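First to last, the sequence lines map onto chains X and A. With the numbering used here applied, the first sequence covers 181 to 594. With the numbering used here applied, the second sequence covers 181 to 594. Even glycine gets a Cβ: it sits at the ideal position worked out from N, Cα and C. Remember, predicted model here, so these are calculated numbers, not experimental data.
Number of protein chains: 2
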Amino acid sequence: MSVGIRHDDLRRRNRAMVISAVRRAGQPSRTEIAATTGLSHSTISAISADLIQEGILTESKASEPTALKRGRPQIGLALNPEAAAVLTVVLSLNFLSVAVIDYAGQVIAEEQRRLDTLVMPRDELIGECLAIVRRRLQDPDLDVSSVARIAMGIQGITDSHSRAMLWSPITPLTDIPFADILEREFDIPATMENDCNMMAVALRWRDPERYRDNFIAILLSHGIGMGLVLKGELFTGTHSSGGEFGHMIHRPGGALCRCGRRGCVEAYAGNYAIWRSAMGISEDAAPIDIGDADMRALAAKAREKDGPERVAYRRAGEALGFGLGSLFALIDPAPVAMVGVSAAAFDLIEPALREAIAQTAGGQHTNSISFDTEPNELPLIREGCAMRALSFVDQEIFAPGVQARSGATGKNVA
Amino acid sequence: MSVGIRHDDLRRRNRAMVISAVRRAGQPSRTEIAATTGLSHSTISAISADLIQEGILTESKASEPTALKRGRPQIGLALNPEAAAVLTVVLSLNFLSVAVIDYAGQVIAEEQRRLDTLVMPRDELIGECLAIVRRRLQDPDLDVSSVARIAMGIQGITDSHSRAMLWSPITPLTDIPFADILEREFDIPATMENDCNMMAVALRWRDPERYRDNFIAILLSHGIGMGLVLKGELFTGTHSSGGEFGHMIHRPGGALCRCGRRGCVEAYAGNYAIWRSAMGISEDAAPIDIGDADMRALAAKAREKDGPERVAYRRAGEALGFGLGSLFALIDPAPVAMVGVSAAAFDLIEPALREAIAQTAGGQHTNSISFDTEPNELPLIREGCAMRALSFVDQEIFAPGVQARSGATGKNVA
DNA sequence: GGCTTTTTTTCGAGCCTCAAAAAAATAGTG
DNA sequence: CACTATTTTTTTGAGGCTCGAAAAAAAGCC
Chain X
181 MSVGIRHDDL
191 RRRNRAMVIS
201 AVRRAGQPSR
211 TEIAATTGLS
221 HSTISAISAD
231 LIQEGILTES
241 KASEPTALKR
251 GRPQIGLALN
261 PEAAAVLTVV
271 LSLNFLSVAV
281 IDYAGQVIAE
291 EQRRLDTLVM
301 PRDELIGECL
311 AIVRRRLQDP
321 DLDVSSVARI
331 AMGIQGITDS
341 HSRAMLWSPI
351 TPLTDIPFAD
361 ILEREFDIPA
371 TMENDCNMMA
381 VALRWRDPER
391 YRDNFIAILL
401 SHGIGMGLVL
411 KGELFTGTHS
421 SGGEFGHMIH
431 RPGGALCRCG
441 RRGCVEAYAG
451 NYAIWRSAMG
461 ISEDAAPIDI
471 GDADMRALAA
481 KAREKDGPER
491 VAYRRAGEAL
501 GFGLGSLFAL
511 IDPAPVAMVG
521 VSAAAFDLIE
531 PALREAIAQT
541 AGGQHTNSIS
551 FDTEPNELPL
561 IREGCAMRAL
571 SFVDQEIFAP
581 GVQARSGATG
591 KNVA
Chain A
181 MSVGIRHDDL
191 RRRNRAMVIS
201 AVRRAGQPSR
211 TEIAATTGLS
221 HSTISAISAD
231 LIQEGILTES
241 KASEPTALKR
251 GRPQIGLALN
261 PEAAAVLTVV
271 LSLNFLSVAV
281 IDYAGQVIAE
291 EQRRLDTLVM
301 PRDELIGECL
311 AIVRRRLQDP
321 DLDVSSVARI
331 AMGIQGITDS
341 HSRAMLWSPI
351 TPLTDIPFAD
361 ILEREFDIPA
371 TMENDCNMMA
381 VALRWRDPER
391 YRDNFIAILL
401 SHGIGMGLVL
411 KGELFTGTHS
421 SGGEFGHMIH
431 RPGGALCRCG
441 RRGCVEAYAG
451 NYAIWRSAMG
461 ISEDAAPIDI
471 GDADMRALAA
481 KAREKDGPER
491 VAYRRAGEAL
501 GFGLGSLFAL
511 IDPAPVAMVG
521 VSAAAFDLIE
531 PALREAIAQT
541 AGGQHTNSIS
551 FDTEPNELPL
561 IREGCAMRAL
571 SFVDQEIFAP
581 GVQARSGATG
591 KNVA
């Protein structure tokens with residue numbers, strides 16, 4: 181059951197509040213922080229003095245093109261880029277990329293690699309991941325001891341504790357505890373995140389106006405994935421990363437899905453499903469991976485003239501629409517971001533999608549539902565991983581204060 | 181955004197913690213409370229002394245059949261039944277019931293009434309509700325000023341702030357702000373709760389072993405409703421009570437649902453849908469309300485011999501199974517409680533339901549999913565409303581302490 | 001240069017929680 | 001029955017935290 185609040189939790193939480201206010205606002209003054217947190221000026225003053233003294237925040241007098249106002253000018257507080265660093269690892273189909281990011285969120289190094297994820301044996305796949313991380317950590321420009329967190333993102337299902345990949349379309353392998361493997365190898369705390377969840381996290385940081393408390397990020401690519409933010413919190417399943425929108429049932433006993441079952445939304449709206457339908461291939465045919473270029477060509481052809489290609493996109497829209505309708509029955513309508521290569525073909529998908537939604541419980545609000553598109557998912561996933569890792573450092577390492585910290589990050593403290 | 185913790189929030193939260201520990205555990209000693217909350221003995225001692233002095237808790241030396249132990253015997257703490265009272269109002273098809281419940285959770289008065297909800301005009305329906313509440317409040321045995329909260333439960337969709345009924349199958353009327361109406365009339369804070377959500381709340385109190393952090397309560401009656409608890413919290417939509425499981429789409433463009441749309445789960449599994457199918461009535465026929473007795477007779481006939489009745493239940497099971505499968509794709513499998521008159525026919529539903537689930541994302545865990553049945557939903561709804569109202573009193577009225585309280589409940593304080 | 005305005009820091013008061021010690025209440029023991 | 005052991009509860013003093021008020025700092029304005 182939930183536990184009482186100790187006296188020292190108070191400081192910890194309010195420190196966390198100040199740090200997150202600075203991360204959100206960029207360069208807020210102490211007065212602004214006091215306003216957003218509702219704490220008194222004296223408290224903010226005391227906490228920020230501590231945080232500056234510990235090297236977590238810095239005063240940024242310099243960069244101000246202050247509107248000339250009367251009174252003592254505000255002193256902006258900023259995250260100290262050198263306070264820590266985090267590392268992101270994104271593993272997707274045939275592609276592995278790593279980035280090192282400073283505490284202020286700037287990329288300071290990166291590396292990418294192509295590999296045949298579909299056929300690599302377990303040891304080799306893990307080995308490649310470890311090797312690329314090791315190379316980045318051995319970079320002489322990087323102070324290894326400042327790396328406080330690794331966040332790895334992968335397309336597929338992860339467990340709800342962000343420790344392991346349970347299943348992924350990019351490899352036949354299952355149940356790889358990447359977080360534990362990375363932690364053991366490098367002695368740096370790590371997590372294993374679901375790609376679509378990270379897309380959602382990134383969208384929230386990119387555009388907090390539009391994506392604030394409730395929204396849906398849907399990946400339209402080889403497969404169909406979803407990241408869901410409800411009431412300001414990332415939604416996950418009880419055991420897994422959850423939100424397997426692509427495997428809600430569209431037509432019981434219908435088209436063959438990559439997951440081996442029948443009638444999933446993905447079996448009508450995934451790249452392979454659109455391709456299969458456009459090419460007149462049977463719905464029972466085994467799914468195959470279609471390259472992004474092929475999908476773009478298909479979309480171009482569909483735009484050109486009415487024909488099986490256009491019908492294929494229409495069917496995809498229908499499946500997505502009924503799926504969203506069912507989802508909206510559960511959570512109520514919310515803004516949607518369509519991400520991935522087929523999001524670039526959303527013009528072909530949208531009409532049928534809206535028509536389908538109109539026939540469902542979400543129908544009454546069909547016009548108020550807005551869709552945004554973003555064709556490139558990889559940058560979003562990396563951004564999401566970075567923000568996730570940085571938030572962890574904010575909340576779990578810097579908020580408790582110096583005394584509670586392990587040696588790994590101690591050196592950044594004054 | 182989230183707000184900092186003030187110094188006085190601390191006491192408030194820890195008071196709430198102690199009160200909820202007592203409500204959960206029955207008659208815990210101070211030592212037990214210290215153990216479950218993680219707070220020190222001195223803190224618990226100070227807080228419980230306050231709460232006793234304020235008349236919220238009582239020491240219950242008496243009722244102890246203490247296992248003879250050495251040492252100073254523990255003194256059980258209990259909720260003082262006279263500290264407050266709450267009132268529950270449950271409005272369902274043709275039926276209105278009210279109960280007065282003391283602070284310890286015991287029913288101290290109740291009243292029920294049949295009415296023709298389907299044909300009553302707006303003023304009359306509201307008037308009946310107000311009248312029955314007024315009669316209970318005028319009971320000379322009841323100290324009106326001790327009534328701290330009214331919780332009203334209704335079958336149908338409510339808004340996410342628990343203020344209004346938005347839509348209900350028991351009346352053609354829509355958007356009735358019952359919570360505001362009750363508050364204005366009686367000057368007692370009120371909420372308007374969704375029936376299935378209250379079922380879930382009640383199940384959690386009744387059997388915390390089985391229904392703890394993640395479970396699903398499904399109402400199988402005239403319509404199909406759902407109450408969902410995820411990560412220990414009641415799940416609601418972003419605007420409405422949400423969780424409209426019955427209106428997820430089972431077959432796009434399929435059978436006519438009571439909501440006017442086509443292919444909803446309810447259009448295959450609601451009482452009217454089972455009846456329609458068993459009687460060979462068209463799927464396009466307008467839904468009609470079937471009495472409980474008729475449904476029981478139908479189930480008996482289905483058990484007797486194979487025939488259209490049995491097929492009807494099988495089809496209901498299939499719809500529920502695919503719906504649950506889609507739900508499990510989103511939230512992962514969880515224990516399910518089937519409630520309502522058709523839960524008594526769950527033996528007829530279960531085989532097809534399990535078969536359907538096996539074809540979905542939840543399929544891999546099909547055997548670990550367990551179903552419980554409870555044919556009578558009304559007591560559950562009332563219990564849920566009661567616990568909801570009492571928890572509100574615990575958290576919002578008694579936790580902040582005397583000074584923050586309004587006059588309404590002041591008289592119970594020593 | 002003095003005055004006004006705004007931001008930030010300092011200081012004392014008031015709470016809260018905690019650990020340790022004291023007090024209370026009972027069972028066992030000779 | 002007095003005394004000891006054991007367990008629970010209360011008391012007490014210390015240390016921390018936040019807050020409001022006042023002071024200090026840092027600019028523009030006249």
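Asked: Helix, strand or coil for Arg329/X, going by three-state DSSP, please let me know.; Found: strand
Asked: Which residues in chain X sit within 9 Å of Asn377/A, going by Cβ to Cβ distance?; Found: Residues of chain X passing the Cβ test: none, with the nearest at roughly 13 Å.
Asked: Which same chain residues end up closer than 7 Å to Met197/X when comparing Cβ atoms and leaving out the 5 residues on each side of it in sequence?; Found: Thr217
Asked: Among Ala477/X, Leu507/X, Phe502/X, Met518/X, which has the Cα closest to the Cα of Arg534/X?; Found: Phe502/X
Asked: List, in order along the chain, the chain X residues whose C-beta lies closer than 8 Å to that of Pro432/A?; Found: His430, Arg431, Glu498, Phe502, Ala536, Gln539
Asked: In or out: Pro301/A buried (at least 16 other Cβ within 10 Å) or exposed?; Found: exposed
Asked: For Leu167/A and Arg195/A, what's the separation of their Cα atoms in angstroms?; Found: Look at the range of chain A in this structure, 181 to 594, and you will see that residue 167/A is not part of it.
Asked: Can you tell me the Cβ-Cβ gap for Leu154/X and His187/X, rounded? I've got them flagged as a contact below 8 Å.; Found: There is no way to answer for residue 154/X, as the model of chain X reaches only from 181 to 594.
Asked: Which of the three DSSP states is assigned to Asp355/X in this structure?; Found: strand
Asked: So which residues on chain A does Leu219/X lean against when the C-beta distance must stay under 9 Å?; Found: Val183, Gly184, Ile185, Arg186
Asked: Mapping DSSP to helix, strand and coil, what is Ile429/A?; Found: strand
Asked: Is there a Cβ from chain X that is less than 8 Å from the Cβ of Leu257/A?; Found: no
Asked: Using a Cβ cut-off of 8 Å (strictly closer), state whether Ser243/A contacts chain X.; Found: Residue placement at Ser243/A is poorly supported in this model, since its pLDDT is 48, which falls under 50; the coordinates are not used for a value here.
Asked: Exposed or buried, what is Glu389/X when buried is set at 16 or more other beta-carbons lying within 10 Å of its beta-carbon?; Found: exposed
Asked: Do Ile236/X and Phe578/X come within 8 Å of each other at the CB atom, strictly closer than that value?; Found: yes
Asked: How about the segment 489–498 of chain A and the segment 402–414 of chain X: do they share at least three Cβ pairs that are nearer than 8 Å?; Found: no
Asked: Alpha helix (DSSP H) containing Ala517/A: first to last residue?; Found: Counting along the chain, Ala517/A falls outside any alpha helix (DSSP H), though it belongs to the beta strand (DSSP E) covering 516–519.
Asked: Checking contacts by CB at 8 Å: is Leu190/X closer than that to chain A?; Found: yes
Asked: By the criterion of Cβ-Cβ separation under 9 Å, what are the contact partners of Thr418/A in chain X?; Found: Asp393, Asn394, Leu410, Lys411, Ile511, Asp512, Pro513, Ala514
Asked: Does the separation of the CB atoms of Leu295/A and Leu353/A fall below 8 Å?; Found: no
Asked: Just list the residues that DSSP pairs Asp282/A with in beta bridges.; Found: Ala265/A
Asked: Compare the Cα-Cα distances from Gln254/X to each of Glu239/X, Val324/X, Ala263/X and report the closest residue.; Found: Glu239/X
Asked: Taking Cβ-Cβ distances below 9 Å as the criterion, which residues of the segment 334–355 of chain A are in contact with chain X?; Found: Ser340
Asked: Taking the alpha-carbon positions, what's the Asp375/A to Glu463/A distance?; Found: 27 Å
Asked: Give the list of continuous beta strand (DSSP E) stretches no shorter than 3 residues that lie fully inside the segment 344–400 of chain A.; Found: 345–347, 354–356, 370–374, 395–400
Asked: Between the C-alpha atoms of Gln233/X and Ser571/X, what's the straight-line distance to the nearest angstrom?; Found: 20 Å
Asked: Beta-carbon of Gly422/A versus every beta-carbon of chain X: anything under 8 Å?; Found: yes
Asked: I'd like the ranges of any alpha helix (DSSP H) spanning at least 4 consecutive residues and lying wholly in the segment 508–573 of chain X.; Found: 526–538, 557–572
Asked: Helix, strand or coil for Val593/A? Go by DSSP, reduced to three states.; Found: At Val593/A the pLDDT is 28, less than 50, meaning the model places this residue with poor confidence; the figure from the coordinates comes in the next sentence. Reduced to three states, the DSSP call for Val593/A is coil.
Asked: Would you check if the segment 312–323 of chain X and the segment 528–547 of chain X touch, i.e. whether three or more CB-CB distances between them fall below 8 Å?; Found: no
Asked: Using only alpha-carbon positions, find the residue among Val521/A, Ala215/A, Glu365/A, Arg293/A that is nearest to Glu554/A.; Found: Val521/A
Asked: Looking at C-beta atoms only, is the number of pairs between the segment 346–360 of chain X and the segment 281–294 of chain X that lie closer than 8 Å three or more?; Found: no
Asked: In chain order, what residues of the same chain lie with their CB nearer than 8 Å to the CB of Ala509/A, ignoring the 5 residues before and after it?; Found: Thr540, Ala541, Gly542
Asked: How big is the Cα-Cα spacing for Arg343/A and Glu563/A?; Found: 19 Å
Asked: Using only CA atoms, which one of Pro580/A, Asp574/A, Arg438/A, Cys565/A lies nearest to Gly332/A?; Found: Checking the displayed sequence, the identity of residue 332/A turns out to be Met instead of Gly. It is Cys565/A whose Cα lies nearest to the Cα of Met332/A.
Asked: Can you tell me the Cβ-Cβ gap for Ala479/A and Ala524/A, rounded? I've got them flagged as a contact below 8 Å.; Found: 7 Å
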